[in-house]
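Notes for the one structure printed next.
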Amino acid sequence: MRRTAAPTSRSSSSSSSSSSERKAATRLVLLVATRKGAWLFHSDARRKAWTADGPHFLGHTISHLQLDPRDGRTLLAAAKTGHLGPTIFRSSNLGRSWKEAQQPPAFAQPSGGLPGRAVDHVFWLTPGHASEPGSWYAGTSPQGLFRSQDGGVSWAPLPAVNDNPQLREWMGSVQDGTPDGPKLHSVIVDPRDAQHLYFAMSGGGVHESRDGGASWSTLIQGLEVVEGFDPGTVTFHDPHCVRLCPGMPDRLYQQNHCGIYRMDRPGNTSASPAGDVWQRIGRKMPKRVGDIGFPMVVHPRDADTAWVFPMDGTTVWPRTSPAGRPAAYVTRNAGKSWQRLDQGLPESQAWWTVKRQAMTVDALATPALYLGTTSGELWMGKDEGASWTNIARHLPEIYAVEAAELA
Amino acid sequence: MMKEVLIPAALQSYTRASRVAAEGDSLDAMFADLEQRYPGLRFRVVDERGLLRPNMRIFVNGVGVRELRHALKPDDAVAIVLALSGG
Numbered sequence: 000m001r002r003t004a005a006p007t008s009r010s011s012s013s014s015s016s017s018s019s020e021r022k023a024a025t026r027l028v029l030l031v032a033t034r035k036g037a038w039l040f041h042s043d044a045r046r047k048a049w050t051a052d053g054p055h056f057l058g059h060t061i062s063h064l065q066l067d068p069r070d071g072r073t074l075l076a077a078a079k080t081g082h083l084g085p086t087i088f089r090s091s092n093l094g095r096s097w098k099e100a101q102q103p104p105a106f107a108q109p110s111g112g113l114p115g116r117a118v119d120h121v122f123w124l125t126p127g128h129a130s131e132p133g134s135w136y137a138g139t140s141p142q143g144l145f146r147s148q149d150g151g152v153s154w155a156p157l158p159a160v161n162d163n164p165q166l167r168e169w170m171g172s173v174q175d176g177t178p179d180g181p182k183l184h185s186v187i188v189d190p191r192d193a194q195h196l197y198f199a200m201s202g203g204g205v206h207e208s209r210d211g212g213a214s215w216s217t218l219i220q221g222l223e224v225v226e227g228f229d230p231g232t233v234t235f236h237d238p239h240c241v242r243l244c245p246g247m248p249d250r251l252y253q254q255n256h257c258g259i260y261r262m263d264r265p266g267n268t269s270a271s272p273a274g275d276v277w278q279r280i281g282r283k284m285p286k287r288v289g290d291i292g293f294p295m296v297v298h299p300r301d302a303d304t305a306w307v308f309p310m311d312g313t314t315v316w317p318r319t320s321p322a323g324r325p326a327a328y329v330t331r332n333a334g335k336s337w338q339r340l341d342q343g344l345p346e347s348q349a350w351w352t353v354k355r356q357a358m359t360v361d362a363l364a365t366p367a368l369y370l371g372t373t374s375g376e377l378w379m380g381k382d383e384g385a386s387w388t389n390i391a392r393h394l395p396e397i398y399a400v401e402a403a404e405l406a
Numbered sequence: 000m001m002k003e004v005l006i007p008a009a010l011q012s013y014t015r016a017s018r019v020a021a022e023g024d025s026l027d028a029m030f031a032d033l034e035q036r037y038p039g040l041r042f043r044v045v046d047e048r049g050l051l052r053p054n055m056r057i058f059v060n061g062v063g064v065r066e067l068r069h070a071l072k073p074d075d076a077v078a079i080v081l082a083l084s085g086g
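Right, dumping it as structure tokens:
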């Protein structure tokens, strides 16, 4: 979760307000994107009751719904339908009305004889750096990276990614990608430096730019690949979700097709530093559970704390909760050990799948986790996942869950 | 000469009507004219390579056409139709 700018009235009154008044004044929203529309769930800092606002875009596939943390009220929704092409909708009044982008993400005609491509859907939305109001990034399927500098009204392709012959080779084809299309995801902007960017591709590895996206280097050292394949070949790498720790931006966590990883890179600024090696911290997970899954969640302040939601990666890759018993796992020591968090979750016969964007955390003093299942259930893990309660059932297949504070 | 174009429900958020008038001596030209009148509509139907999107169908005088270079006569009736897919 990104904390949005606090309004003047809140900061000026905080010294005289009681704790409960402050909690009531905080407006929390969950942004739930599904295969059949979008929902907003509103609450306050107590997180006891939630009010559903939706559906928005009923029948549209919404891959991601994001709030602009720089103004605390602008929403962007990545949408398509079963028939119509992809687009992005924008709301400046928390979804009371929506306006379509004038120039949605679309590939340029590539140079150098590369085959042309068409965006099937926008998969990932990331607000730009705090110093660049109006800037956004979008990752697409098939894999492409786009930038808007006008709040999502118009989008331009980044040729250093989309038309780079080497990256295009690593992207593979539709046959190599995830079931509903290969994806560019995990677009990350370093909070210290607007020019320092990361993205990941399923498949196609993790990549980094230190010049605002003009050039890219690859970060795959230490990552494993499916047995029998060469880990030196970038296209075989399938990062599912990469997160940067807000409390320590030189630390990254990753849930990969082949395990859970952490990378610490203090002081590494060259293009291909030898010290940039992913450590498989998932080796410390219980063997019966394994370390396969999709989401990766990091604590808003404590870089030693991170959460995963394991799924069965054995045999034919069921991608459901191991043994039908859903649980989050938390590490409090950067991956040296993991603890199971399942209080309140179903104890048996719950074969959940949680997609890579469908688990997140808020940024309150004691954060809560949130997750959405492909079976349409929305859950909250209070006290950093110690105790789980259901927020909603019977929603469509959930693709993404984000938590944000409103201005 | 203006021709009548049948618009499917999924695109009527752009046109606010099920039948609209458009000009053009080819489907390409007709979509360019529709884009001028209803900004954003074309990209939902035609991708950035100039190809009709997979689940969209175009009928000219009741005959299915996928090639956007298809020439149009002044009195042709054009229908933009959602393929029977999705769900």
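Residue numbers (numbering that gives the first Met the number 0), protein chains in the order written: chain A, 0 to 406; chain B, 0 to 86.
Every residue, glycine too, gets a C-beta built ideally from N, C-alpha and C.
Being a predicted model, the structure only gives us computed values, none of them experimental.
Short CB-CB distance (under 8 angstroms) between B/M1 and chain A: Against the second sequence, residue 1 of chain B aligns to sequence position 2. With 8 angstroms as the cut-off, B/M1 does not count as an interface residue toward chain A.
Limits of the unbroken beta strand (DSSP E) element including A/T388: By one-based count along the first sequence, residue 388 of chain A stands at place 389. First-last of the beta strand (DSSP E) with A/T388: S386 to A391.
Inter-residue spacing [alpha-carbon to alpha-carbon] between A/T50 and A/F40: Within the first sequence, residue 50 of chain A is the residue found at index 51, counting from 1. Within the first sequence, residue 40 of chain A is the residue found at index 41, counting from 1. Taking the straight line joining both Cα atoms gives about 5 angstroms.
CB contact below 8 angstroms: A/A37 versus chain E: Here the protein chains are A and B, and chain E is not one of them.
Neighbour flag for A/H41 against chain B, beta carbons, 8 angstroms: The residue you call residue 41 of chain A lines up with position 42 of the first sequence. No, no contact with chain B.
Enclosing beta strand (DSSP E) for A/R242 [first to last residue]: Here the question's residue 242 of chain A lines up with position 243 in the first sequence. Where A/R242 is concerned, the enclosing beta strand (DSSP E) stretches over P238 to C244.
Buried or exposed (CB count within 10 angstroms, at least 16 for buried), A/D210: If you number the first sequence from 1, residue 210 of chain A lands on position 211. A/D210 comes out exposed.
Identity of the residue in A/A193, A/A159 and A/H393 nearest A/T125 by Cα: Walking along the first sequence from the start, residue 125 of chain A turns up at place 126. The option with the nearest alpha carbon to A/T125 is A/A193.
Supposed close pair A/F308, A/L370 - CB separation, criterion 8 angstroms: What you label residue 308 of chain A is simply residue 309 of the first sequence in a count that begins at 1. What you label residue 370 of chain A is simply residue 371 of the first sequence in a count that begins at 1. Between the beta-carbon of A/F308 and that of A/L370 there is about 6 angstroms, and that keeps the pair under the 8 angstroms contact cut.
Runs of beta strand (DSSP E) lying entirely within the region 120-186 of chain A, each at least 3 residues, in chain order: 120-126, 135-140 and 143-147
Given A/T73 as reference, the closest of A/N92, A/M200 and A/W351 once Cα atoms are compared: Translated into the one-based positions of the first sequence, residue 73 of chain A becomes position 74. For the set A/N92, A/M200 and A/W351, the Cα lying nearest the Cα of A/T73 is the one of A/N92.
Where the beta strand (DSSP E) containing A/F308 begins and where it ends: Position 309 of the first sequence holds residue 308 of chain A. Its beta strand (DSSP E) spans residues A305 to P309.
Sequence-distant residues of its chain with Cβ nearer than 6 angstroms to A/G221 (five each side left out): Against the first sequence, residue 221 of chain A aligns to sequence position 222. V276 and W277.
Sequence-distant residues of the same chain with beta carbon closer than 8 angstroms to A/R282, five excluded per side: Numbered from its first residue, the first sequence carries residue 282 of chain A at position 283. G258 and D290, listed in sequence order.
Neighbour flag for B/A82 against chain A, beta carbons, 8 angstroms: Here residue 82 of chain B refers to the residue found at position 83 of the second sequence. Closer than 8 angstroms to some Cβ of chain A, the Cβ of B/A82 qualifies, so yes.
Neighbouring residues, chain B, relative to A/F106 (Cβ below 7 angstroms): Counting from one through the first sequence, the residue named residue 106 of chain A turns up at place 107. The contacting residues are E47.
Within 8 angstroms, strictly: CB atoms of B/R18 and B/L5: Counted from its first residue, the second sequence places residue 18 of chain B at position 19. Counted from its first residue, the second sequence places residue 5 of chain B at position 6. Their beta carbons are under 8 angstroms apart, which means B/R18 touches B/L5 by this criterion.
Beta-carbon proximity of B/V80 to B/H69, cut-off 8 angstroms: The sequence position of residue 80 of chain B within the second sequence is 81, counting from 1. The sequence position of residue 69 of chain B within the second sequence is 70, counting from 1. Contact flag unset, no.
Contacts around B/G52, its chain only, beta-carbon distance under 8 angstroms, and the 5 residues preceding and following it disregarded: As a working note, residue 52 of chain B is residue 53 in the second sequence. Before going further, note that residue 52 of chain B is Arg rather than Gly in the sequence given. Answer for B/R52: R43, V44, V45 and D46, listed in chain order.
Simplified DSSP state of A/D275, which is helix, strand or coil: For the purposes of this step, residue 275 of chain A is taken as residue 276 along the first sequence, with counting starting at 1. In the structure shown, A/D275 sits in coil (DSSP, three-state: anything other than H, G, I, E or B).
3-residue-minimum beta strand (DSSP E) runs that sit fully inside the region 309-375 of chain A, ordered along the chain: Listed in chain order, the beta strand (DSSP E) runs fully inside the region 309-375 of chain A are 327-330, 338-340, 358-360 and 368-371, counting runs of at least 3 residues.
C-beta contact flag for A/F135 and A/A100 at 8 angstroms: The residue labelled residue 135 of chain A in the question sits at position 136 within the first sequence. The residue labelled residue 100 of chain A in the question sits at position 101 within the first sequence. Going by the sequence as given, residue 135 of chain A is Trp instead of Phe. No, they are not a contact pair.
Residue-level contact to chain A via CB, B/R43, 8 angstroms cutoff: To locate residue 43 of chain B, count along the second sequence from 1; it is residue 44. B/R43 counts as touching chain A.
Host alpha helix (DSSP H) of B/T14 (start-end): Within the second sequence, numbered from 1, the residue matching residue 14 of chain B stands at position 15. Its alpha helix (DSSP H) spans residues Q11 to T14.
Meets three-Cβ-pair contact criterion under 8 angstroms: the region 390-399 of chain A and the region 336-349 of chain A: no
B/G39 at chain A interface by Cβ criterion, 8 angstroms: As a working note, residue 39 of chain B is residue 40 in the second sequence. By this cut-off, B/G39 is an interface position.
Of the listed residues A/S172, A/P178 and A/P109, nearest to A/W316 (C-alpha basis): Position 317 of the first sequence, counted from the start, is the residue given in the question as residue 316 of chain A. The shortest Cα separation from A/W316 among A/S172, A/P178 and A/P109 belongs to A/P178.
Three CB pairs or more closer than 8 angstroms across the region 58-78 of chain A and the region 31-39 of chain B: no
Check whether A/D301 and A/N332 have beta carbons under 8 angstroms apart: To locate residue 301 of chain A, count along the first sequence from 1; it is residue 302. To locate residue 332 of chain A, count along the first sequence from 1; it is residue 333. Inclusion of A/D301 and A/N332 in the CB contact set at 8 angstroms is not warranted, their separation being larger than that value.
Those runs of the beta strand (DSSP E) which lie wholly inside the region 43-107 of chain A and span at least 3 residues: Runs found: 50-55, 60-66, 74-79 and 86-90.
Cβ-based neighbour list, A/T359, same chain, cut-off 7 angstroms, excluding 5 preceding and 5 following: Within the first sequence, numbered from 1, the residue matching residue 359 of chain A stands at position 360. Excluding positions up to five away in sequence, the list reads M0, V296, Y369, V400, E401 and A402.
Per-residue contacts from B/M55 into chain A (C-beta, under 7 angstroms): In the second sequence, the residue the question calls residue 55 of chain B occupies position 56. Ordered by position in chain A, the residues that pass the 7 angstroms Cβ test against B/M55 are H82.
CB contact check: A/P54 to chain B, cutoff 8 angstroms: For the purposes of this step, residue 54 of chain A is taken as residue 55 along the first sequence, with counting starting at 1. It does not: the Cβ of A/P54 has no partner Cβ on chain B nearer than 8 angstroms.
Below-8 angstroms beta-carbon distance, B/R52 vs any chain A residue: Working through the second sequence from its first residue, we reach residue 52 of chain B at position 53. Taking Cβ atoms only, chain A reaches closer than 8 angstroms to B/R52, which makes this a yes.
Where A/P412 meets chain B, residues with beta-carbon distance less than 7 angstroms: Because chain A spans 0 through 406 in this model, residue 412 of chain A falls outside it and cannot be assessed.
Contacts that B/A9 makes with chain A (C-beta to C-beta distance below 7 angstroms): As a first step, residue 9 of chain B is located in the second sequence; it is residue number 10 there, counting from the start. Result: T80, H82 and L83.
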